[in-house]
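Beneath this line is the structure, given in structure tokens, with notes to follow.
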Amino acid sequence: DRRESKLTLRPPSLAAPYAPVQNWQHQPEKLIFESCGYEANYLGSMLIKDLRGTESTQDACAKMRKSTEHMKKIPTIILSITYKGVKFIDASNKNVIAEHEIRNISCAAQDPEDLCTFAYITKDLQTSHHYCHVFSTVDVNLTYEIILTLGQAFEVAYQ
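Using the UniProt record's numbering, the first residue of the sequence shown is number 1, and each one after it goes up by one.
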């Protein structure tokens with residue numbers, strides 16, 4: 001019994017209009033000429049052997065949360081976000097620890113099990129490996145704002 005799904009296409013006049021996200025947190029100029037800085041705990045990164053988008057970020061979040069749950073001191077960093085990418089800055093001495101270009105970042109997502117935890121995937125250009133970087137914040141609203149700001153950085157970079 002082979003059933004074919006019925007897909008009906010709407011005429012262009014009835015298509016849903018493109019709706020850009022209205023509730024961006026920042027003026028685009030802030031991401032172009034300045035940066036948005038957020039304090040977060042860096043739970044670590046892990047190699048992604050089989051890239052599966054959001055599923056990969058969720059797996060990494062769960063593993064990194066578990067591996068750091070008994071750690072006394074988790075590094076606090078500043079995530080500095082611009083349209084060019086993301087820098088990890090050591091919160092204590094202000095040194096840049098790592099830098100990821102926006103074109104090498106994909107799939108930023110919150111952890112569905114713990115909404116204060118989020119991650120994004122980067123591609124290492126030397127090795128072509130993908131890594132998932134996992135962070136947590138003290139507040140779910142802060143995590144949400146970071147995810148939105150990353151989304152806005154992509155939009156500003158590629159518009």
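The beta-carbon is built from N, C-alpha and C at its ideal position, and this holds for glycine as well.
- If you compare alpha carbons, which of L142, Y158 and Y120 is closest to R52? Nearest C-alpha to R52: Y120.
- Message: Less than 7 Å between the beta carbons of I74 and A91, yes or no?
- Response: no
- Item | Three-state secondary structure (DSSP) of Q110 | strand
- So, do the segment 107-122 and the segment 130-137 have three or more beta carbon pairs nearer to each other than 8 Å? yes
- Query: What separation, rounded to the nearest whole angstrom, lies between the Cα atoms of H129 and K72?
  - Reply: 30 Å
- Message: Our contact map puts Q58 next to D111 with C-beta atoms below 8 Å; I'd like the distance itself, whole angstroms only.
- Response: Here Q58 really is in contact with D111; their C-beta atoms are around 6 Å apart, less than 8 Å.
- Below 8 Å on the Cβ atoms is my guess for S80 versus G37; work out the distance and round it to an integer in Å. The pair is a contact, with the Cβ atoms about 5 Å apart (cut-off 8 Å).
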